[in-house]
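Colleague:
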Amino acid sequence: ADSGRRVPLFLELFGEQGSIIGNPDLRPERSETVEAGPGITVDHEYGTGSLEVIAFRRIVRDLILFVPNSQFTLRPENIDAADIRGVEVSARLDVLDMLKGDVSYTYQSAINQSDVQFLRGRFLPLRPLHEMTAAISYYNDSVEIGGEAAYVGAVFRDRTNEPTAFVGPRWLFHVFASWNVFQEQSDDGRIAEKLSVGLELRNILNERVVDIAGFPLPGRAIYGVLSYQF
(Lines of atoms letter the chains of each structure in order from A and count residues from 1; the text may use other names and numbers.)
(Lines give C-alpha, C1' and ligand atoms only; values in the text may rest on other atoms or scores of the structure.)
Protein backbone atom coordinates (compact mmCIF):
# COMPACT_ATOMS: atom_id res chain seq x y z
CA ALA A 1 0.00 0.00 0.00
CA ASP A 2 1.15 3.52 -0.70
CA SER A 3 -0.15 7.07 -0.56
CA GLY A 4 1.17 10.09 -2.34
CA ARG A 5 0.70 13.53 -3.81
CA ARG A 6 1.45 14.78 -7.34
CA VAL A 7 1.93 18.48 -7.95
CA PRO A 8 0.74 19.81 -11.33
CA LEU A 9 3.28 19.71 -14.15
CA PHE A 10 4.58 22.87 -15.80
CA LEU A 11 2.59 21.98 -18.93
CA GLU A 12 -0.61 21.61 -16.89
CA LEU A 13 -0.10 24.92 -15.09
CA PHE A 14 0.92 27.07 -18.05
CA GLY A 15 -0.19 25.17 -21.14
CA GLU A 16 1.32 24.84 -24.57
CA GLN A 17 0.73 27.31 -27.37
CA GLY A 18 -1.82 26.08 -29.87
CA SER A 19 -3.43 23.07 -28.19
CA ILE A 20 -3.25 23.15 -24.36
CA ILE A 21 -4.53 25.97 -22.16
CA GLY A 22 -2.87 26.28 -18.76
CA ASN A 23 -4.70 26.23 -15.44
CA PRO A 24 -2.71 27.90 -12.63
CA ASP A 25 -5.46 27.07 -10.11
CA LEU A 26 -4.83 23.32 -10.19
CA ARG A 27 -4.58 21.49 -6.87
CA PRO A 28 -2.14 18.61 -6.25
CA GLU A 29 -3.44 15.10 -6.81
CA ARG A 30 -3.80 12.93 -3.70
CA SER A 31 -3.90 9.15 -3.96
CA GLU A 32 -3.81 5.86 -2.07
CA THR A 33 -2.61 2.78 -3.96
CA VAL A 34 -2.71 -0.91 -3.06
CA GLU A 35 -1.08 -3.51 -5.30
CA ALA A 36 -0.06 -7.13 -4.89
CA GLY A 37 0.57 -10.22 -6.94
CA PRO A 38 2.80 -13.23 -7.61
CA GLY A 39 5.90 -13.41 -9.78
CA ILE A 40 8.15 -16.23 -10.93
CA THR A 41 11.55 -16.43 -12.61
CA VAL A 42 12.93 -19.59 -14.23
CA ASP A 43 16.59 -20.19 -15.16
CA HIS A 44 17.46 -23.02 -17.54
CA GLU A 45 20.50 -23.97 -19.56
CA TYR A 46 18.65 -22.88 -22.69
CA GLY A 47 17.52 -19.53 -21.37
CA THR A 48 15.57 -17.60 -18.75
CA GLY A 49 11.97 -16.54 -18.35
CA SER A 50 9.83 -14.56 -15.95
CA LEU A 51 6.15 -13.94 -15.33
CA GLU A 52 4.53 -11.38 -13.05
CA VAL A 53 0.88 -10.64 -12.31
CA ILE A 54 0.01 -7.54 -10.29
CA ALA A 55 -3.50 -6.52 -9.20
CA PHE A 56 -3.93 -2.91 -8.18
CA ARG A 57 -6.43 -0.39 -6.92
CA ARG A 58 -5.88 3.36 -6.75
CA ILE A 59 -8.19 5.90 -5.13
CA VAL A 60 -7.47 9.42 -6.36
CA ARG A 61 -8.81 12.77 -5.23
CA ASP A 62 -8.37 15.99 -7.19
CA LEU A 63 -7.25 13.93 -10.19
CA ILE A 64 -5.81 16.12 -12.95
CA LEU A 65 -7.29 15.38 -16.38
CA PHE A 66 -7.06 17.09 -19.74
CA VAL A 67 -10.59 18.15 -20.65
CA PRO A 68 -11.58 19.54 -24.11
CA ASN A 69 -12.04 23.30 -23.77
CA SER A 70 -13.05 23.80 -27.41
CA GLN A 71 -12.87 21.80 -30.62
CA PHE A 72 -9.07 22.03 -30.78
CA THR A 73 -7.87 22.94 -27.27
CA LEU A 74 -7.56 21.17 -23.92
CA ARG A 75 -7.48 22.50 -20.37
CA PRO A 76 -6.32 20.45 -17.34
CA GLU A 77 -8.95 20.28 -14.60
CA ASN A 78 -9.25 18.74 -11.13
CA ILE A 79 -12.11 16.26 -10.86
CA ASP A 80 -13.48 15.27 -7.48
CA ALA A 81 -12.30 11.65 -7.25
CA ALA A 82 -11.62 8.51 -9.24
CA ASP A 83 -11.51 4.76 -8.57
CA ILE A 84 -8.92 3.01 -10.74
CA ARG A 85 -8.52 -0.75 -10.48
CA GLY A 86 -7.13 -3.47 -12.68
CA VAL A 87 -4.37 -5.97 -13.31
CA GLU A 88 -0.98 -5.89 -15.03
CA VAL A 89 0.60 -8.99 -16.58
CA SER A 90 4.16 -9.06 -17.90
CA ALA A 91 6.27 -11.89 -19.27
CA ARG A 92 9.83 -12.04 -20.58
CA LEU A 93 11.77 -14.82 -22.29
CA ASP A 94 15.44 -15.04 -23.34
CA VAL A 95 16.50 -18.14 -25.32
CA LEU A 96 20.11 -19.20 -25.96
CA ASP A 97 21.37 -15.63 -25.55
CA MET A 98 20.15 -14.84 -29.06
CA LEU A 99 16.35 -14.54 -29.04
CA LYS A 100 14.32 -12.51 -26.59
CA GLY A 101 10.73 -11.45 -26.30
CA ASP A 102 8.49 -9.68 -23.84
CA VAL A 103 4.78 -9.06 -23.50
CA SER A 104 2.91 -6.74 -21.19
CA TYR A 105 -0.84 -6.34 -20.81
CA THR A 106 -2.87 -3.99 -18.63
CA TYR A 107 -6.56 -4.11 -17.84
CA GLN A 108 -7.65 -0.88 -16.16
CA SER A 109 -11.12 0.22 -15.13
CA ALA A 110 -10.92 3.96 -14.40
CA ILE A 111 -14.25 5.26 -13.12
CA ASN A 112 -15.14 8.84 -12.28
CA GLN A 113 -16.39 9.20 -8.68
CA SER A 114 -17.39 12.83 -9.00
CA ASP A 115 -20.09 14.29 -6.79
CA VAL A 116 -21.69 15.59 -10.00
CA GLN A 117 -24.45 13.08 -10.70
CA PHE A 118 -24.23 12.96 -14.50
CA LEU A 119 -20.46 12.36 -14.34
CA ARG A 120 -20.38 9.78 -11.56
CA GLY A 121 -19.81 6.25 -12.85
CA ARG A 122 -18.51 7.34 -16.26
CA PHE A 123 -15.18 6.22 -17.68
CA LEU A 124 -12.34 8.67 -17.22
CA PRO A 125 -11.24 10.31 -20.47
CA LEU A 126 -8.25 8.81 -22.30
CA ARG A 127 -7.92 5.78 -19.96
CA PRO A 128 -8.40 2.63 -22.11
CA LEU A 129 -9.66 -0.61 -20.59
CA HIS A 130 -7.03 -2.61 -22.46
CA GLU A 131 -3.41 -1.91 -23.41
CA MET A 132 -0.81 -4.35 -24.66
CA THR A 133 2.70 -4.31 -26.09
CA ALA A 134 4.70 -7.25 -27.43
CA ALA A 135 8.22 -7.33 -28.86
CA ILE A 136 10.58 -9.98 -30.20
CA SER A 137 14.15 -9.63 -31.40
CA TYR A 138 17.27 -11.54 -32.46
CA TYR A 139 20.53 -10.30 -30.98
CA ASN A 140 24.21 -11.01 -30.51
CA ASP A 141 27.24 -8.97 -29.47
CA SER A 142 27.10 -6.91 -32.66
CA VAL A 143 23.49 -6.53 -33.83
CA GLU A 144 19.88 -6.60 -32.71
CA ILE A 145 16.93 -6.87 -35.11
CA GLY A 146 13.31 -7.06 -34.04
CA GLY A 147 9.73 -5.91 -34.16
CA GLU A 148 7.10 -4.55 -31.79
CA ALA A 149 3.30 -4.41 -31.74
CA ALA A 150 1.22 -2.10 -29.56
CA TYR A 151 -2.52 -2.22 -28.92
CA VAL A 152 -4.46 0.63 -27.31
CA GLY A 153 -8.11 0.04 -26.52
CA ALA A 154 -11.00 2.38 -27.18
CA VAL A 155 -11.32 5.57 -25.12
CA PHE A 156 -13.57 8.56 -24.65
CA ARG A 157 -12.02 12.01 -25.01
CA ASP A 158 -14.58 13.70 -22.75
CA ARG A 159 -15.87 13.25 -19.19
CA THR A 160 -19.51 12.62 -20.24
CA ASN A 161 -18.59 9.73 -22.59
CA GLU A 162 -20.43 11.17 -25.57
CA PRO A 163 -20.45 8.96 -28.70
CA THR A 164 -18.98 11.82 -30.74
CA ALA A 165 -15.91 11.77 -28.46
CA PHE A 166 -15.33 8.03 -28.84
CA VAL A 167 -11.95 6.89 -30.25
CA GLY A 168 -11.82 3.26 -31.37
CA PRO A 169 -9.04 0.77 -30.60
CA ARG A 170 -5.91 0.70 -32.74
CA TRP A 171 -2.87 -1.43 -33.49
CA LEU A 172 0.56 0.00 -34.26
CA PHE A 173 3.52 -2.01 -35.58
CA HIS A 174 7.20 -1.08 -35.52
CA VAL A 175 10.51 -2.65 -36.59
CA PHE A 176 14.03 -1.77 -35.47
CA ALA A 177 17.68 -2.68 -35.97
CA SER A 178 20.88 -1.63 -34.20
CA TRP A 179 24.60 -2.27 -34.69
CA ASN A 180 27.32 -1.96 -32.07
CA VAL A 181 30.20 -0.26 -33.86
CA PHE A 182 32.48 -1.03 -30.94
CA GLN A 183 32.14 -2.05 -27.31
CA GLU A 184 34.65 -2.31 -24.47
CA GLN A 185 34.10 -3.89 -21.08
CA SER A 186 35.70 -3.09 -17.75
CA ASP A 187 37.37 -5.70 -15.54
CA ASP A 188 34.12 -6.34 -13.64
CA GLY A 189 32.23 -7.14 -16.86
CA ARG A 190 30.35 -3.87 -17.16
CA ILE A 191 30.27 -1.83 -20.35
CA ALA A 192 33.04 0.78 -20.18
CA GLU A 193 32.53 2.31 -23.62
CA LYS A 194 30.06 1.63 -26.42
CA LEU A 195 29.13 3.22 -29.74
CA SER A 196 26.03 2.04 -31.58
CA VAL A 197 23.88 3.13 -34.52
CA GLY A 198 20.29 2.15 -35.15
CA LEU A 199 17.30 2.51 -37.44
CA GLU A 200 13.61 2.46 -36.46
CA LEU A 201 10.62 2.23 -38.78
CA ARG A 202 7.53 3.12 -36.75
CA ASN A 203 3.87 2.70 -37.63
CA ILE A 204 4.74 0.62 -40.66
CA LEU A 205 1.06 0.28 -41.70
CA ASN A 206 0.75 4.08 -41.76
CA GLU A 207 -2.25 4.18 -39.41
CA ARG A 208 -3.60 7.73 -39.07
CA VAL A 209 -4.59 7.61 -35.41
CA VAL A 210 -5.40 10.75 -33.45
CA ASP A 211 -4.03 12.15 -30.22
CA ILE A 212 -5.86 13.55 -27.18
CA ALA A 213 -6.65 16.85 -28.91
CA GLY A 214 -8.02 15.22 -32.03
CA PHE A 215 -5.10 16.04 -34.32
CA PRO A 216 -3.75 13.24 -36.58
CA LEU A 217 -0.49 11.78 -35.34
CA PRO A 218 2.36 11.18 -37.81
CA GLY A 219 1.89 8.15 -40.01
CA ARG A 220 4.81 6.00 -41.08
CA ALA A 221 8.11 7.45 -39.81
CA ILE A 222 11.79 6.51 -39.96
CA TYR A 223 14.25 7.41 -37.20
CA GLY A 224 18.02 7.13 -37.07
CA VAL A 225 19.69 6.62 -33.68
CA LEU A 226 23.31 7.28 -32.70
CA SER A 227 24.28 6.32 -29.14
CA TYR A 228 27.60 6.67 -27.30
CA GLN A 229 27.97 5.25 -23.80
CA PHE A 230 30.96 5.74 -21.55
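Quick note on numbering: our numbering labels position 82 of the sequence shown as 141, and the sequence is numbered without any gaps.
Where is the CB? At the ideal position from N, CA and C, for every residue including glycine.
Could you have a look at Ala-224 and say whether DSSP puts it in helix, strand or coil?
Modeller: helix
Colleague: How is Tyr-210 classed by DSSP in three states: helix, strand or coil?
Modeller: strand
Colleague: Mind checking which residues open and close the beta strand (DSSP E) that includes Glu-136?
Modeller: It spans 133-154 - the beta strand (DSSP E) in which Glu-136 sits, taken as one unbroken run.
Colleague: What residues in its chain sit with their C-beta under 6 Å from that of Glu-190, if we drop five residues either side in the sequence?
Modeller: Thr-165 and Val-211
Colleague: Would a C-beta distance cut-off of 8 Å place Val-214 and Leu-185 closer than the cut-off?
Modeller: Yes, Cβ-Cβ distance for Val-214 and Leu-185 is below 8 Å.
Colleague: For Pro-135 and Asp-217, what's the separation of their Cα atoms in angstroms?
Modeller: Approximately 12 Å, taken between the alpha carbons.
Colleague: What three-state label does DSSP hand Phe-289 in the structure shown?
Modeller: coil
Colleague: Distance check for Gly-205 and Gly-160, CA to CA, integer angstroms please.
Modeller: Cα-Cα distance, rounded: 9 Å.
Colleague: Within this structure, are the beta carbons of Glu-259 and Leu-231 separated by less than 8 Å?
Modeller: If you check the CB distance, Glu-259 and Leu-231 do not come in under 8 Å.
Colleague: On the DSSP bridge list, what partners appear for Met-191?
Modeller: As a beta-bridge residue in DSSP terms, Met-191 pairs with Tyr-164 and Tyr-210.
Colleague: What's the gap between the Cα of Tyr-287 and the Cα of Asp-246?
Modeller: 20 Å
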